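Q: Have a look at this one.
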Amino acid sequence: MDQNEQQLQGTVDRIVYQNAENGFTIFIIKAKGDNAITVKGSVPSLNPGELVTLSGLWVMHPKFGKQFEAKKCTALVPTSILGLKKYLGSGLIKGIGPVFAEKLVKQFGESVLEVIENEPHRLSTIPGVGPKRIESIKLAWVEQKEISHIMVFLQDKGISTTYATKIYKRYRNKAIELLLENPYRLAEDIWGIGFKTADTIAQNMGFEPESIKRIRAGLLFVLSYTVSQGHLYAELTDLKDKTLALLELESSDDIQNKLKLALHDLYNTEKIKLLTHDEKHYVALSQFYYSEKGVATKVRKLIESPALKLFDIDAVYQTLRVEVPGEISLNEEQQKGVLTILQNKVTVITGGPGTGKTTLIKKLLSILDEHQIVYKLASPTGRAAKRITESTGKKASTLHRLLEFDVGTMGFTRNEQNALPLDVLIVDEASMIDIFLAHALLKAMPHHARVVFIGDVDQLPSVGAGNFLNDMIASKEVATIRLMQIFRQAQDSMIIINAHRINQGEFPISPLPNTRRDFIYIKEDNPENVPNVLRQIFTKELYKHDINPRDAIVLVPMHRGTVGTQKINYDLQGILNPATTEKQMQHAGTTYKVGDRVMQIKNNYDKFVFNGDVGFIEDIDTQDRIMAVRYPEQRVEYEYTDLDELVLAYAISIHKSQGSEYDAVIIPIFTQHFTLLQRNLIYTAITRAKKLCIFVGQAKAIAMGIKNNKGLARTTFLQQFLTSDLSAR
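Taken in order, the sequence shown gives residues 1096 to 1824; the numbers are from the numbering used here.
Structure below.
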């Protein structure tokens, strides 16, 4: 211990703030003489009522005065009556809240924890406590003890133990044993724990910086990061260089040899695949290579296998050319689109807003209905499926529901052995489909069936890895129709006019004569003024357009910064849901309240909610620390430890908005976003608006984004797989 460090002991009174990512916590303790002391530092997950022993230094905060900065913290089970009440009432043990904690301590005094552990049947002496609740408390207590054991283990390795619950849920009683064997598995197995955290644990456990296990884990992390950026492959030399930079290792003959050994190990255990193209070597995680290669194989099989004859296509062509009063009529592009679908096994229909993609679908469905053809409508997200249901009057489902995801096997029930019972599948918002979902979908297609992918190829590519729709079109192996003509009824919308201007590299313009005033540009050069602008929009402007603030959203290029989603969500929560209520929950610096709009940020197959799903908080149980969120198709409950899968969603990233539409969309664009500003980003944002689109920001930044049409080219090989015999080894 530093000679200037001091020790302090007291009971945790309350938690003021805790960052789930690094464990940094500000909390109040009651020390001897009942003095309240503010403590800050990276510490284990604490609960009110716990007795803590702290080592650290006294510091003077310029605003909050004297504080204790903890370097080390050891938590002990409380022994005082007051400590026990706070400890049990903190929500630590599921089934025990403040009221029940008071009853427990009143009944059993200082021996209450001993009763819970060794004689839980005695809890039945308290009115209203039955066998079911006793069993729940008993199980929660055992689990909490195991988590505490892991916390102590991790703390001993110098790591914040915020993730202890997740580690316990994943590995259960084998947690410490598995971590001692290979702590790098945390980066692969536990969502939210990155390589850096796993690496710190490993090195504190004695793993050498140049060990093969560390280099192997580094290679896998760089490949996983590459996938998170949308690529399916990493060029071999680049992969090696980035791995050495990550591990902070200098290149040498010995290190290069160890890199080679680590790559061989990953190859021999089938973790990676190697591919050579244009005299360059590429590396992919095996599951991504097999998905992309599988997509190409299945597309070829579908195209080559005979199609079920639906009906006389020539007769359909004649009826398409004749306008019938009261029936849907198509322009030449759309007619060609319908005929192409009926003549080909795999078809792509693409086009911007107002070009009649939905009208084409409706006409296609009426023809299929007339001839009693079995078809299904689907889309990647619940919101997109709901929208196509509303626009066509026909039921559409998400792709996950269509393919019948099974939690038990963590796979889809519909596959090559159990194909979908249909003759035609129509998939809307196909630009959102990543390579994994594309592979699962195509595997479930019967050989005789036709599949139609409909989407706007000029939007951002999928959030998940791959470039499915673009690569299909670029291969020229798949029949493709691009709708270009804007329908007359869409020509009076400045949203649609400006969307097409942006897509052609032109700056958006103010409303023209005889057009709807559905597009507004608010020039604002100071990012600091954005909260005031948003207050005006959400409290006044939206009501002028008869739009409920619940049906409006802010779309932002990035998460951090003055005009990032995190800051704007904080500001908008204060504007739209300011009320303080007992029904709220704090997690990782965010206060969640009933009525807040939230978004799921990872696929959770157990709960059947997926990355980008948006819902509203319907209820919060502060006693059991459970939050209920209402999504369009279901109600989902989250335990406290699941809350890192959620973020506030008054503002979301433009990437996460794909497949969704909102009555009003507000888009702040400033030069601080310059690293992400590109044409398809701004185009995607404006096409999310149904009734009103508002740009807020600097003209320079908007122009910068519209001019940048390069985008980020994804490293994929679907186009080559479709047109050649390229394969990995």
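Using N, Cα and C, we set each Cβ at its ideal position, and we do this for glycine too. As the structure is a computational prediction, the values presented were derived from the model and not from experiment.
Going by DSSP, what residues sit across from T1371 in a beta bridge?
A: H1376
Q: Check whether the stretch 1226-1243 touches the stretch 1198-1213, counting contact only when three or more Cβ pairs, one atom from each stretch, lie closer than 8 Å.
A: With the cut-off at 8 Å, the stretch 1226-1243 and the stretch 1198-1213 touch.
Q: Just how far apart, CA to CA, sit F1500 and F1507?
A: Rounded to the nearest angstrom, the two C-alpha atoms are 4 Å apart.
Q: Could you tell me how far apart the beta carbons of I1288 and L1281 are, in whole angstroms, since I believe they sit closer than 8 Å?
A: 5 Å
Q: What does the alpha-carbon distance come out to for the pair R1655 and P1626?
A: 15 Å
Q: Give the DSSP-derived three-state secondary structure of E1636 in the structure shown.
A: Three-state result, E1636: helix.
Q: Can you say whether W1236 is buried or exposed, counting buried as having 16 or more other CB atoms within 10 angstroms of its CB?
A: buried
Q: Hey, could you find the ends of the alpha helix (DSSP H) T1438 is sitting in?
A: Per the sequence shown, the amino acid found at residue 1438 is Gln instead of Thr. Looking at the DSSP string, the run of the alpha helix (DSSP H) that includes Q1438 is 1427-1438.
Q: Roughly how many angstroms separate the alpha carbons of K1189 and F1302, rounded to a whole number?
A: Going by C-alpha positions, K1189 is about 37 Å away from F1302.
Q: Would you call the CB atoms of V1378 and L1331 closer than 7 Å?
A: yes
Q: Taking only the alpha-carbon atoms, compute the straight-line gap between E1343 and K1366 and give it to the nearest angstrom.
A: 24 Å
Q: Can you give me the Cβ contacts of A1798 inside the same chain, cut-off strictly under 7 Å, excluding the 5 residues immediately before and after it?
A: F1602
Q: Run through the DSSP bridge pairs and tell me what L1520 is partnered with.
A: K1471, V1546
Q: Along the beta strand (DSSP E) that carries S1137, what are the first and last residues, could you check?
A: Unbroken beta strand (DSSP E) run through S1137: 1131-1137.
Q: Measuring only the C-alpha atoms, how far is L1460 from Q1467?
A: 10 Å
Q: From which residue to which residue does the beta strand (DSSP E) around H1682 run?
A: 1679-1682
Q: Taking the DSSP output, what are the residues bridged to E1732?
A: A1723
Q: Taking the alpha-carbon of L1532 as reference, which of A1574, Y1757, T1504, F1563 has the nearest alpha-carbon?
A: F1563
Q: From F1703, V1693, N1439, I1761, pick the residue whose C-alpha is nearest to that of I1615; which is it?
A: I1761
Q: Round the Cβ separation of G1800 and I1764 to the nearest angstrom and send it over; I've been treating them as touching at under 8 Å.
A: 7 Å
Q: By how many angstroms is the C-alpha of S1474 removed from the C-alpha of E1418?
A: 30 Å
Q: Secondary structure at N1827, three-state DSSP: helix, strand or coil?
A: Nothing can be reported for residue 1827, as the shown portion of the chain is limited to 1096 through 1824.
Q: Below 7 Å between beta carbons: does that hold for E1732 and I1721?
A: yes
Q: Comparing C-alpha positions only, which one of G1690, K1335, L1275 sits nearest to K1299?
A: The amino acid at residue 1299 is misidentified as Lys; the sequence shows Asn. Cα-wise, what sits closest to N1299 is L1275.
Q: Can you look up D1349 in the DSSP assignment and give me helix, strand or coil?
A: helix
Q: Using a Cβ-Cβ cut-off of 7 Å (strictly less than) and excluding sequence neighbours within five positions of L1463, which residues of its own chain qualify?
A: Y1470, V1519
Q: Out of S1755, D1587, L1637, point me to the one whose CA is closest to M1694's CA.
A: Measuring from the Cα of M1694, the nearest candidate turns out to be S1755.
Q: Whose C-alpha, out of G1184, G1684, G1710, M1680, is nearest the C-alpha of T1476?
A: When G1184, G1684, G1710, M1680 are compared, the shortest CA-CA separation from T1476 is found for G1710.
Q: Assuming Q1438 and T1782 form a contact by the criterion Cβ under 8 Å, report the distance between their Cβ atoms to the nearest whole angstrom.
A: Rounded, the Cβ-Cβ distance is 29 Å, inconsistent with contact.
Q: Quick one: which unbroken beta strand (DSSP E) runs of 3-plus residues sit fully inside the stretch 1559-1643? Chain order, please.
A: Here the runs fully enclosed are 1574-1578, 1614-1618.
Q: How would you call M1155, buried or exposed, if buried means at least 16 neighbouring beta carbons within 10 angstroms?
A: Residue burial is scored here from C-beta neighbours: M1155 has fewer than 16 other C-beta atoms within 10 angstroms and is therefore classed as exposed.
Q: Relative to the C-alpha of D1701, which residue among Q1718, P1673, E1740 is closest?
A: E1740
Q: What are the residues that DSSP puts in a beta bridge with K1158?
A: DSSP, once it has assigned bridges, lists no residue as partnering K1158.
Q: To the nearest angstrom, how far is the alpha carbon of P1608 from that of T1454?
A: 27 Å
Q: Locate the alpha helix (DSSP H) running through V1417, then write down its first and last residues.
A: Careful: V1417 lies outside any alpha helix (DSSP H) and carries neither H nor E.
Q: For P1193, which residues in the same chain have their Cβ closer than 6 Å to its Cβ, ignoring the five residues on either side in sequence?
A: G1184
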